[in-house]
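Same order as they appear, the protein sequences are chains A and B.
In terms of numbering that gives the first Met the number 0, the first sequence opens at residue 0 and continues consecutively.
In terms of numbering that gives the first Met the number 0, the second sequence opens at residue 0 and continues consecutively.
Heads up, the thing below is written out as structure tokens.
Protein chains: 2
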Amino acid sequence: MSESPATARTQAKANRRTVLLDSAAALFAQRGFNGVSIEDLGSAAGVSGPAVYRHFSGKQALLGALLVGVSEDLLAGGRAALAAGHDDAATLRALVAFHVDFALSKPDVIRVQDRDFDSLSTEDRRQVRILQRAYVELWVEVLGRLYPDRGADMRRLQAHAVFGLINSTPHSVALHGRRPGASGARPVLEAMAWNGLAGS
Amino acid sequence: MSESPATARTQAKANRRTVLLDSAAALFAQRGFNGVSIEDLGSAAGVSGPAVYRHFSGKQALLGALLVGVSEDLLAGGRAALAAGHDDAATLRALVAFHVDFALSKPDVIRVQDRDFDSLSTEDRRQVRILQRAYVELWVEVLGRLYPDRGADMRRLQAHAVFGLINSTPHSVALHGRRPGASGARPVLEAMAWNGLAGS
DNA sequence: GAACTCAGTTAATAACCATTAACTTAGCAT
DNA sequence: ATGCTAAGTTAATGGTTATTAACTGAGTTC
């Protein structure tokens, strides 16, 4: 889209920005948005304090960039699963596999997203809501093709429930410091999601 | 246990205390522990500001009372389900039914418990952890009798996943202001939990 | 290489907020 | 009735913190 000057300074700036976002995700996941100071955010990224304002207009804007990014990634991944052109059952399995991978590989942002959503600015909250809704509707649509007898409200409730199921590992990790059996968790969560959605 | 003076003043104090706890649950659920001031907590209960210190030694202690209470209630309910003397399958259904009822009737405390756990004092955190672990072990034990081929780690992971599934409604409510079809959510969540745990 | 840009720094500034102090008053016991 | 207890009030107090100001210096451009 826009031209990249590709000079050393812009590179350094881009790097600093992603380091800021990554360390912010870890800090927010651990202590919550209001439990982290701008000083904390800066020093976790190797700079101190107000330097953060060179990259984001404020603390809330940093959270916004983080959560909008996550929501976009989730939606893009979900769309890719649908675009792969499988039959409906395989598409659902692809959605489940994608979401499980996402939750296991980025537990921090998962936790921040449903913990600090309310700390977003009005505008960021609106945008995240739109992206999240679109992601949910992907699931609702596939479920509707697979189970035409279920109403849209029920399918939406089920989609949320499956997200809760899959996103539970970040929570149990955060609560108990318990490492889930590394990769061992993946097949268990996938099977539980399929069976939970299949109905009796 | 201890004698109840039963005078008007102690009654009023007990009432004020429960009002404080209830409104604190609502406020914490909405804005998070660090997003609520002592002034907010007091005025939500009809008194203003430092009066809270007549009932709790501080903000953190109030959170502690709230979460220890929830954890005790959960454990008591789980023990009741086991003590009912059903066979293992019926006991599991009783556990699921109890947890679904709890999550649907007290979404606020559910949300606070897995959002603001880290804001507890060291001692309260220890106590809540012990109670939570005991509750999880009830599930792990029943699952072990029903599915002896599954290891304890897998059963624990599955218990946590089912909690995430059932606790998802507080989250979706908080995120979207979406009222789940009142009582309509209960059977759907119960069926998903059973099927998720049943394995293929 | 001279002018400029801009990411960084450290020092204000201004709220906000948990907790404590000092005081008031309604209820309880003798 | 009278003194005491304790729940409540409004004013400090002290610390934390988001944000802005003023300044510095390395990298970029011409």
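C-beta: ideal position from N, C-alpha, C; glycine also.
To the nearest angstrom, how far is the alpha carbon of Lys-105/A from that of Ala-24/A?
9 angstroms
Check this for me: beta carbons of Leu-81/A and Glu-140/A, under 9 angstroms apart or not?
yes
Using a cut-off of 8 angstroms between C-beta atoms, extract the partners of Val-187/B located in chain A.
Met-153, Leu-156, Gln-157, Ala-160
Residues near Glu-71/B by beta carbon distance below 7 angstroms, same chain, minus five either side
Residues Leu-130 of the same chain have their beta carbon placed closer than 7 angstroms to that of Glu-71/B, with the five preceding and five following residues left out of the count.
Close-in-space but distant-in-sequence residues of the same chain around Tyr-52/B (CB under 7 angstroms, 5 per side omitted):
none
Please name the residue in Asp-87/A, His-170/A, Leu-74/A whose C-alpha comes closest to that of Phe-97/A.
Leu-74/A
Hey, could you find the ends of the alpha helix (DSSP H) Asn-194/A is sitting in?
From DSSP, the alpha helix (DSSP H) with Asn-194/A extends over 184-197.
Mind listing the chain A neighbours of Arg-30/B? Cutoff is C-beta to C-beta under 7 angstroms, in chain order.
Asp-117
Below 8 angstroms CB to CB, which residues in the same chain sit around Arg-8/B once its five sequence neighbours on both sides are set aside?
Residues of the same chain with a CB within less than 8 angstroms of the CB of Arg-8/B, apart from the 5 flanking positions on each side, do not exist.
Since I believe Leu-164/A is in contact with Ala-50/B (beta carbons under 8 angstroms), could you give me their beta-carbon distance rounded to a whole number of angstroms?
Not confirmed; about 42 angstroms, so no contact.
Which class does Phe-55/B belong to by DSSP, given the choice of helix, strand or coil?
coil
Report the residue from Ala-133/B, Phe-32/B, Gly-41/B whose alpha carbon sits nearest the alpha carbon of Arg-15/B.
Gly-41/B
Who are the neighbours of Ser-120/B on chain A, taking C-beta pairs under 8 angstroms?
What Ser-120/B touches in chain A, judged by beta-carbon distance under 8 angstroms, is nothing: the nearest beta carbon there is about 14 angstroms away.
Taking C-beta to C-beta, are Gln-112/A and Val-69/A nearer than 9 angstroms?
yes
Give me the chain A residues within the contact set of Ser-167/B, using Cβ-Cβ distance strictly less than 7 angstroms, ordered along the chain.
His-159, Ala-160, Phe-162, Gly-163
In this structure, how does DSSP classify Ser-171/B when only helix, strand and coil are distinguished?
In the three-state reduction of the DSSP assignment, Ser-171/B falls in the helix class.
Which residues of chain B have a Cβ atom closer than 8 angstroms to the Cβ of Ala-197/A, listed in chain order?
The answer, in chain order, is Asn-194.
Let me see if you follow: with CB-CB separation under 9 angstroms, is Gly-77/B close to chain A or not?
no
Please classify Gln-144/B as buried or exposed, where buried requires at least 16 other C-beta atoms within 10 Å of its C-beta.
Residue identity check: residue 144/B is Arg in the sequence provided, not Gln. With fewer than 16 other Cβ atoms within 10 Å, it is exposed.
Within the same chain, show all residues whose beta-carbon is closer than 6 angstroms to that of Leu-188/B, passing over the 5 residues directly before and after it, in chain order.
Val-99, Ile-165
If we ignore side chains and look at the alpha-carbon of each, how far apart do Asp-107/A and Gly-45/A end up?
20 angstroms
Is it true that the CB of Tyr-146/B sits closer than 9 angstroms to the CB of Arg-154/B?
For Arg-154/B and Tyr-146/B, yes; Cβs fall inside 9 angstroms.
For Ala-24/B, go through chain A and note every residue whose CB falls closer than 8 angstroms to its CB, in chain order.
Result: empty, since nearest Cβ-Cβ is about 15 angstroms, beyond 8 angstroms.
Comparing alpha-carbon positions, which option in Ser-47/A, Gly-195/A, Gly-150/A, Asp-115/A lies nearest Ala-60/A?
Asp-115/A
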